[in-house]
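Asks:
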Amino acid sequence: MEYLFDRLLQSRLRSGLDPNRALDGADGGLVMILRYPEITIKSPSLLKFLLLSISAAAALFVLAQTVSCASTTVKLVVGGKEAPFEVPPYVDGGGTVMAPVDFVRLLGANYALNSGGALVITTASGRTFTQAFVNSLDRMMVPLQATSLMLGASTYWSPETLTFTLKAKLEMARVQDNTLLIATSYPVYYKTQTLDSPARLVVDVFGADLDSPSAALPANSNMVTHIRTGQLDPDTVRLVLDLTRPIHFQVASSLQTNTIQLALGTKQTNTAPISSLAVQPPPHTTSVQVAAAAPPAPEGNVPSGLVPLPPISKAGAPSNGSQQTTKIINVAYKTDTPNIYQIVVTTAGPTDSADQAYHSFYLDHPNRLAFDVSSSTISIADAAESALSSIVPSDNNPLFRSVRWGMADSGQIPDGRIVVDLIKPVVYTVSTENLPDNSGVQYTISIQQSVAPTGPSNSIVGKVVIVDAGHGGKDTGAPGASGIYEKNFTLSIAKLVRDALVQAGAQPIMTRSDDTFIPLGDRSQMGIDAHADYFISIHCDSSGSQNSHSGDTVYYHGNVANCRALAHAIASRLSQLDISIQSDGIKSDYVRFPGVGFSVLRKSPEPAVLVECGYVNDDGDAKCLQDLSNQQEIATGIVAGLRDFVANQ
Amino acid sequence: MFVSALKHRSRCSALLVVPTLLLLAGCGHKAVVTTPPSPTPVVTPVFDGHVMIYTVAAEGQTAQADPNGLVPVSIIVNAAGKDPAREAINALITSPHSAIPQGTKLLDIAIDPSTGVATLNFSSEFRDNFHGGDTSEAQVLNSVRETLGQFQNVQAVQFLVAGKKIDTLGGTEDLTVPLPTIRDEKEAASAG
Chain E
-2 MEYLFDRLLQ
8 SRLRSGLDPN
18 RALDGADGGL
28 VMILRYPEIT
38 IKSPSLLKFL
48 LLSISAAAAL
58 FVLAQTVSCA
68 STTVKLVVGG
78 KEAPFEVPPY
88 VDGGGTVMAP
98 VDFVRLLGAN
108 YALNSGGALV
118 ITTASGRTFT
128 QAFVNSLDRM
138 MVPLQATSLM
148 LGASTYWSPE
158 TLTFTLKAKL
168 EMARVQDNTL
178 LIATSYPVYY
188 KTQTLDSPAR
198 LVVDVFGADL
208 DSPSAALPAN
218 SNMVTHIRTG
228 QLDPDTVRLV
238 LDLTRPIHFQ
248 VASSLQTNTI
258 QLALGTKQTN
268 TAPISSLAVQ
278 PPPHTTSVQV
288 AAAAPPAPEG
298 NVPSGLVPLP
308 PISKAGAPSN
318 GSQQTTKIIN
328 VAYKTDTPNI
338 YQIVVTTAGP
348 TDSADQAYHS
358 FYLDHPNRLA
368 FDVSSSTISI
378 ADAAESALSS
388 IVPSDNNPLF
398 RSVRWGMADS
408 GQIPDGRIVV
418 DLIKPVVYTV
428 STENLPDNSG
438 VQYTISIQQS
448 VAPTGPSNSI
458 VGKVVIVDAG
468 HGGKDTGAPG
478 ASGIYEKNFT
488 LSIAKLVRDA
498 LVQAGAQPIM
508 TRSDDTFIPL
518 GDRSQMGIDA
528 HADYFISIHC
538 DSSGSQNSHS
548 GDTVYYHGNV
558 ANCRALAHAI
568 ASRLSQLDIS
578 IQSDGIKSDY
588 VRFPGVGFSV
598 LRKSPEPAVL
608 VECGYVNDDG
618 DAKCLQDLSN
628 QQEIATGIVA
638 GLRDFVANQ
Chain W
38 MFVSALKHRS
48 RCSALLVVPT
58 LLLLAGCGHK
68 AVVTTPPSPT
78 PVVTPVFDGH
88 VMIYTVAAEG
98 QTAQADPNGL
108 VPVSIIVNAA
118 GKDPAREAIN
128 ALITSPHSAI
138 PQGTKLLDIA
148 IDPSTGVATL
158 NFSSEFRDNF
168 HGGDTSEAQV
178 LNSVRETLGQ
188 FQNVQAVQFL
198 VAGKKIDTLG
208 GTEDLTVPLP
218 TIRDEKEAAS
228 AG
């Protein structure tokens, strides 16, 4: 049942097929790249690890030969986009490209310092390894090539443009028990669509490389005859499943994953969700396609290989009168069931294969859900007259801000596209219903909050936590004894808090992740918009005269009981830390600002607390705060306190 | 909906203003705050040159200081100025223990009688010479809020720097909106 890429080529050669003819023109112009034909996917992980280590060492050696200019900055491209860095990667004196360790998050990995001060990287699949690092400009810098290879990336170095490109390897694709499984070496984004005449299912995997030659192999399935693979463009791998008949499929993995799972079913059959990521369709649904939106990766670090949203022209683009006879004639918003928000799209025209005639997918930066009706035009009577091309839900919809529509010029034949501007991750189902007399189709997109990562109510798994790094940009905060500003300490600690939250399974949202000025009102608004469960602001204090005050204090808002309880839980943990900063317990922010409190706590979703981690104008506190391992202790303590609070709720 | 909310608000402020004017009219001769102390004092004193300012506690004064390190100081200013709020803020700025950043000048002060909002326009030194610190920020803002809190007709303070609103002074308090004054109930009680 398993069809692996290392066997792909052999089977193809045995069958006498032309190995270079992987995909035909109808699937799009394809570039064939032959790489690593000898690597066996089934090889034991130890061997693979060894291979990677050897190639890492070899690659570093090559790199050392090609790069000689010290202090040259380097661009890093992941998922087809340049990765943003506060401190860019650079080539060190020995010719090694060094990058801030943060980059591992682009590959679904995470990192932490262990108690011995060693940098431990955890891959998306949970494997850990220790990585040597150097400190530069207050950042942990790691060798880019070696670390990327350990994370399973293919690496490409362009000495001319000083650009380093990372791609995930498409390691395996097979159909097993009517489920299409596609494995990549680290989490990537993907997009699915169905094509007619002949029936095909297309999966585009972004920011990826084939780990073996382009090929087609028979799939031992009554629904799929072949799986074909090819490199659609340098950043995209396309898989095409040749189907025996039109099928129905259901996405059963998140949209950013290292194991894509699609449950395949025959038309009229509802396939049960095969993972907790999928939601049960609403009861009235007749046929359903389910996709789970990606959980939010740490902000600014989302692998963003998705194709940009094609330009949308104004609504009501004129039909050219040829085969485009499907028209989107209405888009409406309704909420009949609590917590389920529905968008009803009505089309007029041929209804031969209604559920083949659309595809829906998820776009990031900003988060959007796109719904294309194939070969359709938009002809909404009211909209054409008033030039209206969007709906803004009038209720306080927590999941999306607006619904827009227009023409997407993505293929040869433009599609009418509906775009939902999402506030937070969602899951959605699409049900189709043929209108009487085959006059058209009504698509109902039912959107509800992502249930993907939620844990028990007394766990922070899946909880949305705003992590507010105090100050930033022109608002430097207090200058520390060593010339480092408060804004630098708060950002550094906030990032560590974020990391600890990610490790605990929560969904942290940073108010800022670089040196930017964010108005105070915008910070609390982020919490409101995200319907955050908790708000934690990270500050360091400073008083007028040197060494007049010291210690950490956790502030809660006003006399709000749950804010006070959260502050107490965090302060308890901070008081147990083995660091030289003394704990000064908890205080109401009314002590600091009588009657109003701190601006960020006043307007934020509750419970909200502000942690003053120590006084930067106290020599002892400042020295302690400068040590990254102490910052890590504080961050861990804050998150442990939050977990204690949640567990006791 | 929005319009009616506005109407509602203006009706409320009108209700607030009327008793204040009656009280002022009712005390034609020298008056002091008498017992019993209450959150809304019954008598507004006539300005005789005595004002309280709130400055940073000097060494040895910390026992009397509030949690932000401010202490009340009674001083006598020019009674002929007849603008007690302006006199008090000027005295606060020039105090040797002032929390207000060095070199700051009060360019203008205006109290809107309908809202009770005092708009204080400080020179750019207010922002430029502020050296940061969350405690320091609280000291600066609270010293003004508390100093103006002794005047019953001032309900809130809008800070301006060189005629313009600023986002924030030190990064913990939003200064795009007025901050309420702080009434020192202990002082009000002991004043009698």
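Which chain is which? The protein sequence lines are E and W, in order. Residues -2 to 646 (the working numbering) make up the first sequence, in order. Residues 38 to 229 (the working numbering) make up the second sequence, in order. Just so it is clear, CB atoms sit at the ideal spot from N, CA and C, and this is done for glycine as well.
Run down chain E in chain order and give the residues with a C-beta less than 8 Å from the C-beta of A175(W).
Replies: Start at 1 with the first residue of the second sequence, and residue 175(W) comes out as number 138. Those are R589, F590, listed as they occur along chain E.
Asks: Thinking I606(E) and P217(W) are a contact (beta carbons under 8 Å), I'd like their distance in whole angstroms, please.
Replies: Residue 606(E) sits at position 609 when you count from the first residue of the first sequence. Residue 217(W) sits at position 180 when you count from the first residue of the second sequence. Just to set this straight, residue 606(E) is Val in the shown sequence, not Ile. At roughly 23 Å, the Cβ-Cβ gap does not stay under 8 Å, so V606(E) and P217(W) are not in contact.
Asks: What's the gap between the Cα of Y355(E) and the Cα of L141(E)?
Replies: Translated into positions along the first sequence, residue 355(E) becomes position 358. Translated into positions along the first sequence, residue 141(E) becomes position 144. Roughly 41 Å between the two C-alpha positions.
Asks: When DSSP labels each residue in this structure, what does A106(E) get in the three-state scheme?
Replies: Indexing the first sequence from 1 puts residue 106(E) at position 109. Looking at A106(E) - three-state DSSP - the assignment turns out to be coil, as it is neither helix nor strand.
Asks: Is V328(E) closer than 8 Å to S456(E) when the C-beta atoms are compared?
Replies: Here residue 456(E) corresponds to residue number 459 of the first sequence, with the count starting at 1. Here residue 328(E) corresponds to residue number 331 of the first sequence, with the count starting at 1. No, Cβ-Cβ distance for S456(E) and V328(E) is not below 8 Å.
Asks: When DSSP builds the beta bridges, which residues end up paired with Q445(E)?
Replies: Along the first sequence, read from residue 1 onward, the residue named residue 445(E) stands at position 448. Q445(E) pairs with V424(E).
Asks: Would you list, in chain order, the members of the segment 207 to 219 of chain W that have their beta-carbon closer than 8 Å to a beta-carbon of chain E?
Replies: For the segment 207 to 219 of chain W, which is checked against every Cβ of chain E, the residues closer than 8 Å are G207, G208, T209, E210, D211, T213, L216, P217, I219.
Asks: Listing by chain order, which chain W residues have their CB less than 8 Å from the CB of L517(E)?
Replies: Position 520 of the first sequence holds residue 517(E). Those are D204, T205, G208, T209, E210, D211, listed as they occur along chain W.
Asks: So who's on the other strand from G92(E), going by DSSP bridges?
Replies: For this step, residue 92(E) is matched to residue 95 along the first sequence. For G92(E), which the question treats as bridged, DSSP gives no partner whatsoever.
Asks: Whose C-beta lies closer than 6 Å to the C-beta of L574(E) among residues of the same chain, with five residues either side of it excluded?
Replies: Start at 1 with the first residue of the first sequence, and residue 574(E) comes out as number 577. E630, G634, listed in sequence order.
Asks: Excluding the 5 residues flanking A193(W) on each side, which residues of the same chain have their C-beta closer than 8 Å to its C-beta?
Replies: Here the question's residue 193(W) lines up with position 156 in the second sequence. Result list for A193(W): T152, G153, V154, A155, P215, L216, P217, T218, in chain order.
Asks: Taking Cβ positions, are D581(E) and Y553(E) nearer each other than 8 Å?
Replies: Numbered from its first residue, the first sequence carries residue 581(E) at position 584. Numbered from its first residue, the first sequence carries residue 553(E) at position 556. Not a contact, by the Cβ cut-off of 8 Å.
Asks: Under a Cβ-count criterion, where at least 16 other Cβ atoms within 10 Å of its own Cβ denotes burial, should D538(E) be classed as buried or exposed?
Replies: Position 541 of the first sequence, counted from the first residue, corresponds to residue 538(E). Buried is the call here.
Asks: Scan the segment 498 to 562 of chain E and note each continuous beta strand (DSSP E) run of 3 residues or more that stays entirely inside, going in chain order.
Replies: Counting whole runs of 3 or more residues, the segment 498 to 562 of chain E contains the beta strand (DSSP E) stretches 504 to 507, 531 to 538, 549 to 553.
Asks: Along chain W, in chain order, which residues have C-beta atoms closer than 9 Å to that of T473(E)?
Replies: If you number the first sequence from 1, residue 473(E) lands on position 476. Going along chain W in sequence order, the residues near T473(E) (Cβ under 9 Å) are G169, G208.
Asks: Exposed or buried, E609(E), counting other C-beta atoms within 10 Å across all chains shown (16 or more means buried)?
Replies: Here residue 609(E) refers to the residue found at position 612 when the first sequence is read from its first residue. Buried, because 16 or more other Cβ atoms sit within 10 Å of the Cβ of E609(E).
Asks: Could you list which residues in chain E have their beta carbon closer than 7 Å to that of N166(W), in chain order?
Replies: The residue given as residue 166(W) occupies position 129 in the second sequence. The premise fails here: N166(W) is roughly 13 Å from chain E at the closest Cβ pair, so nothing lies under 7 Å.
Asks: Just to check my reading of the structure: V185(E) and A165(E) have Cβ atoms closer than 8 Å, yes? What is that Cβ distance to the nearest angstrom?
Replies: As a position in the first sequence, residue 185(E) is number 188, starting the count at 1. As a position in the first sequence, residue 165(E) is number 168, starting the count at 1. Yes, V185(E) and A165(E) are in contact; Cβ-Cβ is about 5 Å, under 8 Å.
Asks: Under 8 Å, Cβ to Cβ, is there at least one residue of chain E near V93(W)?
Replies: To locate residue 93(W), count along the second sequence from 1; it is residue 56. Interface residue, yes.
Asks: Three or more C-beta pairs closer than 8 Å, one from the segment 169 to 183 of chain E and one from the segment 195 to 205 of chain E: is that the case here?
Replies: Flag = yes, the segment 169 to 183 of chain E and the segment 195 to 205 of chain E touch.
Asks: Suppose contacts are defined by Cβ-Cβ distances below 8 Å. Is N105(W) in contact with Q176(W) by that definition?
Replies: Counting from 1 along the second sequence, the entry for residue 105(W) is found at position 68. Counting from 1 along the second sequence, the entry for residue 176(W) is found at position 139. Against a cut-off of 8 Å, the Cβ pair of Q176(W) and N105(W) comes out as a contact.
Asks: Which chain W residues are close to E483(E), counting only those with a beta carbon under 9 Å from its beta carbon?
Replies: Counted from its first residue, the first sequence places residue 483(E) at position 486. Here the neighbours are G169, G170, D171, G208.
Asks: Tell whether a beta-carbon distance below 8 Å holds between S160(W) and T141(W).
Replies: Numbered from 1 along the second sequence, position 123 holds the residue referred to as residue 160(W). Numbered from 1 along the second sequence, position 104 holds the residue referred to as residue 141(W). In contact: S160(W) and T141(W) (Cβ atoms closer than 8 Å).
Asks: Is there a C-beta anywhere in chain C that falls below 8 Å from the one on S596(E)?
Replies: Looking for chain C here will not work: the only protein chains present are E and W.
Asks: Where Q7(E) and G227(E) are concerned, what is the direct C-alpha to C-alpha distance, given to the nearest angstrom?
Replies: Locating residue 7(E) in the first sequence gives position 10, counting from the first residue. Locating residue 227(E) in the first sequence gives position 230, counting from the first residue. Because Q7(E) carries a pLDDT of 38, less than 50, the predicted location of this residue cannot be relied on, and no value is offered for it.
Asks: Output yes or no for whether 8 Å exceeds the beta carbon distance between F358(E) and K188(E).
Replies: Indexing the first sequence from 1 puts residue 358(E) at position 361. Indexing the first sequence from 1 puts residue 188(E) at position 191. Result yes, Cβ atoms of F358(E) and K188(E) sit closer than 8 Å.
Asks: How is E430(E) classed by DSSP in three states: helix, strand or coil?
Replies: The residue labelled residue 430(E) in the question sits at position 433 within the first sequence. The answer is strand: DSSP assigns E430(E) an E or B state.
Asks: Are any of the Cβ atoms in chain E nearer than 8 Å to that of P138(W)?
Replies: Your numbering for residue 138(W) matches position 101 in the second sequence. Not an interface residue.
Asks: Going by the CB atoms, is the gap between I535(E) and G467(E) shorter than 8 Å?
Replies: On the first sequence, position 470 is the one that residue 467(E) refers to. On the first sequence, position 538 is the one that residue 535(E) refers to. Yes. Within cutoff.
Asks: Helix, strand or coil: how does DSSP classify Q192(W) here?
Replies: Locating residue 192(W) in the second sequence gives position 155, where the first residue counts as 1. Reduced to three states, the DSSP call for Q192(W) is coil.
Asks: For G459(E), tell me which candidate among G502(E), D616(E), V131(E), P335(E) has the shortest Cα-Cα distance.
Replies: Along the first sequence, read from residue 1 onward, the residue named residue 459(E) stands at position 462. The candidate whose alpha carbon is nearest that of G459(E) is G502(E).
Asks: Using CA coordinates, which residue listed in N627(E), L639(E), V71(E) is at the minimum distance from I533(E)?
Replies: Counting from 1 along the first sequence, the entry for residue 533(E) is found at position 536. Comparing Cα-Cα distances from I533(E) to each of N627(E), L639(E), V71(E), the minimum goes to L639(E).
Asks: When the distance is taken between beta carbons, is A122(W) closer than 8 Å to I148(W)?
Replies: Position 111 of the second sequence, counting from 1, holds the residue named residue 148(W). Position 85 of the second sequence, counting from 1, holds the residue named residue 122(W). Yes, the Cβ-Cβ distance between I148(W) and A122(W) is below 8 Å.
Asks: So with CB distances below 7 Å, who are the chain W contacts of G467(E)?
Replies: Sequence index remark: in the first sequence, residue 467(E) carries index 470 (1-based). What G467(E) touches in chain W: G208.
Asks: With respect to the beta strand (DSSP E) encompassing R197(E), which residues constitute its N-terminal and C-terminal limits?
Replies: Your numbering for residue 197(E) matches position 200 in the first sequence. Its beta strand (DSSP E) spans residues 197 to 203.
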